Every structure is written in C-alpha cells, then in structure tokens.
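Okay, structure first, notes after.
Protein chains: 2
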Amino acid sequence: MHKHATGRRPAETEEPDLGGQLRSAVGRLYRRFRSERPEGGLGDAALAVLTRLHKHGPQTLTELSEHDRVSPASMSQIVNRLTSAGYAVRTRDPDDRRKVLFTATAEGDELAGAARAQRNAWLDERLRALSAEDRAVIARAAALLSGIADS
Amino acid sequence: MHKHATGRRPAETEEPDLGGQLRSAVGRLYRRFRSERPEGGLGDAALAVLTRLHKHGPQTLTELSEHDRVSPASMSQIVNRLTSAGYAVRTRDPDDRRKVLFTATAEGDELAGAARAQRNAWLDERLRALSAEDRAVIARAAALLSGIADS
DNA sequence: TATTGTTATACTCTATAACTATA
DNA sequence: TATAGTTATAGAGTATAACAATA
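Chains F and R supply the protein sequences, listed in that same order.
Mapping of the first sequence onto UniProt numbering: position 140 corresponds to residue 140, and the numbering continues sequentially without gaps.
Mapping of the second sequence onto UniProt numbering: position 114 corresponds to residue 114, and the numbering continues sequentially without gaps.
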C-alpha cells in the first residue's frame with residue numbers, strides 16, 4: 001500500500017522504455033488538454049501567452065518566444081492574434097526602442113482568469129480523485145518535467 | 001533531503017494550483033518534443049499513428065481516431081499523408097466493407113523504428129541525468145497521467 | 001436508419017526566409 | 001554589424017459540415 005515503506009530499491013525496477021512511455025503520456029494528455037477549447041476564440045498557444053502576461057506582467061517578444069520555445073516569428077503571429085482581439089497591447093520600450101513590451105488589457109486579464117478556470121475544471125476533478133500521495137507524485141513530476149523542458 | 005523521512009503530511013503542503021502547473025509543464029514539454037522533428041518529413045501526429053500501426057498492426061480509421069482523440073475527419077487526413085508518402089496502405093475489410101484497415105508498409109515500419117529512436121535520444125539523455133528516485137517518480141507519474149488522458 | 005469513412009473548407013500553430021528599425 | 005521584431009509564405013494539425021457507401 002505504501003511503497004516507500006517496503007524498502008524496495010528503485011534501481012531494481014527501472015522502466016525499460018521510460019522515455020517512450022513519458023512521451024506517449026505527455027502527448028495524449030496534451031491533446032486532451034487542447035480539445036478543451038472554451039470561449040474567447042483563442043487557441044492553446046495564444047491562451048498560454050495571455051496567461052503568462054496575466055500572471056507575470058509585461059514581457060518582450062523575445063522573452064515570450066524563448067519561454068515557449070517557438071521562433072520569434074511564430075510568437076509575433078501569436079501576439080498579433082491577441083492584439084487584434086483586444087486582449088493585449090504593444091508598447092515600445094523607451095530605454096531600447098528595438099524592444100516591444102506586450103501587456104494584457106483588462107479584457108485579456110478577465111479572459112485569462114475565466115478561460116483558465118474553465119480549462120482546468122475537468123483536470124482538477126481528476127486530480128481530486130487521486131490520493132494525496134499520487135498528487136504529490138504528480139507535483140514532483142511536474143517540476144521535473146518543467147526542468148527537462150527548460151534544458 | 002529525503003522529504004518522506006520528515007513525517008510531513010502531504011495534506012498540509014498541497015499545491016495550490018497543481019492543475020495549472022501540470023498543464024504548463026505538459027504543454028512546454030510537448031512543444032519541446034514536437035520541435036525534435038527528424039527525417040521522413042512526417043509531423044508528430046502522423047508519426048504517432050505510424051508508430052501505432054508499427055506496434056499494434058492494422059487498425060481501422062475509427063480505432064485510430066478514438067485512440068488519439070481526434071475526429072474521424074482529422075484522422076482521415078492524417079492517414080492520407082501516410083498513404084501518399086508510401087508509409088501505409090488502405091485495405092477494405094472483407095467482412096464489413098464500410099471499414100478500412102490501415103497497415104504500415106515496409107518503408108513505414110522502417111521509418112517508425114528509426115524516427116522513434118531519433119526522437120527519444122535527447123529525452124533519454126535527460127532522464128539518465130536524473131537520480132533513480134526521480135526516474136521512479138516520473139515513471140509513476142507517466143502511468144497516472146496516461147490514466148487521466150484516458151478518462 | 002445507423003455506421004464508416006471521405007472531401008471541402010477554415011482556422012490555429014509553427015517554421016524559414018526576407019525585411020525594417022534600432023543599437 | 002548585431003539585435004529585436006515583423007511580414008510573407010508554406011505546411012501540419014484540427015474541427016465542422018456535407019457527402020457517399022455499406023450495413
């Protein structure tokens with residue numbers, strides 16, 4: 001029941017194809033996330049950027065593109081969708097006029113909060129159904145996976 | 001150093017936004033996976049289908065679309081790319097002529113093996129750099145996440 | 001009628017290449 | 001020259017709607 005209490009050594013039970021299993025699990029879960037596309041008319045990439053602006057404040061294009069690991073040209077088009085829809089605005093950085101700061105508007109902040117809650121609803125329900133120990137495993141794994149994505 | 005040895009009760013330190021953190025980690029890791037686009041000219045969705053045909057044998061369109069949770073129309077276009085490129089073939093099911101079985105060709109089988117190894121290379125390297133305990137956490141989490149994706 | 005699959009169309013997301021503006 | 005950002009263009013992936021063939 002409580003595996004850590006058994007003294008089992010992880011090295012003896014290493015997964016033979018951990019990479020493949022992780023890739024499959026992440027891919028299918030991502031597609032599942034993406035299929036939950038609610039109000040606001042934004043896709044997952046645009047909503048992720050808007051959420052970041054909402055939570056971390058104004059960001060330059062380069063910062064956004066590096067965080068999401070997409071090309072600057074791709075990010076430029078994503079933020080174009082946000083600005084066209086009125087969810088973000090461009091402002092020139094006065095100290096370095098090559099840079100552009102993107103900031104969420106009031107509508108953008110509102111949508112970020114609402115869409116986030118809506119998109120997380122079904123996931124939160126699944127997580128609540130797990131044991132506290134399983135949630136702790138997922139919390140640790142999320143940090144590890146985020147670190148891998150950064151590397 | 002070893003959190004479980006402290007007697008800490010998980011309920012007292014529950015993550016306030018585990019769903020959001022998991023979503024973010026999965027999204028960024030998925031994009032990282034997808035950016036590793038090697039030979040063969042296939043995208044991630046087409047390669048995932050080809051890998052499934054390679055590992056599980058002939059499948060109908062409905063089986064493929066349900067497994068990947070995409071619409072039948074979307075899956076039809078994905079397999080179109082596979083058949084156009086010569087990596088899979090269509091055959092009518094003789095017992096129910098509405099059904100179409102998709103089967104990997106010899107070229108498709110070869111590409112599935114090669115591409116899979118190539119795509120997993122960088123991930124396996126990161127996983128090897130972790131401790132055995134961290135790998136065990138990821139292995140458990142992968143099973144949990146796969147279950148959530150199925151639900 | 002119901003099931004299986006396809007085509008038509010439109011949208012998001014992404015990349016590369018070529019460009020402008022600022023440092 | 002180097003950096004920051006944009007636009008043009010192309011292709012993958014996805015969905016909905018409308019359709020054809022078979023059960």
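We put the beta carbon where it would ideally sit given N, CA and C, even for glycine.
Keep in mind that this is a model prediction, so the values were computed, not measured.
Query                                                                                                            : Result
F/Arg69 in three-state terms, based on DSSP                                                                      : coil
Integer-rounded CB distance, given that R/Arg28 should sit under 8 Å from F/Ala146                               : The question names Ala, yet the displayed sequence has Ser at residue 146 of chain F. Yes, F/Ser146 and R/Arg28 are in contact; Cβ-Cβ is about 7 Å, under 8 Å.
Neighbour flag for R/Arg31 against chain F, beta carbons, 8 Å                                                    : yes
Beta carbon proximity, R/Ala11 to chain F, threshold 8 Å                                                         : Note that R/Ala11 scores 46 on pLDDT, short of 50, meaning its location in the model is unreliable; the coordinates nonetheless yield the value given after this. It does; some Cβ of chain F falls within 8 Å.
Sequence-distant residues of the same chain with beta carbon closer than 7 Å to F/Ala104, five excluded per side : Leu50, Leu53, His54, Tyr87, Ala88 and Ala112
Cβ-based neighbour list, F/Ser74, same chain, cut-off 8 Å, excluding 5 preceding and 5 following                 : Ser65
F/Ala85 - containing alpha helix (DSSP H), residue span                                                          : That residue, F/Ala85, is in no alpha helix (DSSP H); it is neither H nor E in DSSP.
Bridge-paired residues (DSSP) for R/Gly100                                                                       : Position check: residue 100 of chain R holds Val in this sequence, whereas Gly was assumed. According to DSSP, which records beta bridges pairwise, R/Val100 is partnered with R/Arg92.
Proximity of F/Ile138 and R/Leu18 at Cβ, strictly below 8 Å                                                      : yes
Span of the alpha helix (DSSP H), counted from its first residue to its last, around F/Asp124                    : Ala106 to Arg128
Residues sharing a beta bridge with R/Gln59, DSSP                                                                : R/Phe102
Cβ separation of R/Phe33 and F/Arg98, assumed to be a contact under 8 Å, to the nearest whole Å                  : Wrong, their Cβ atoms sit about 32 Å apart, outside the cutoff.
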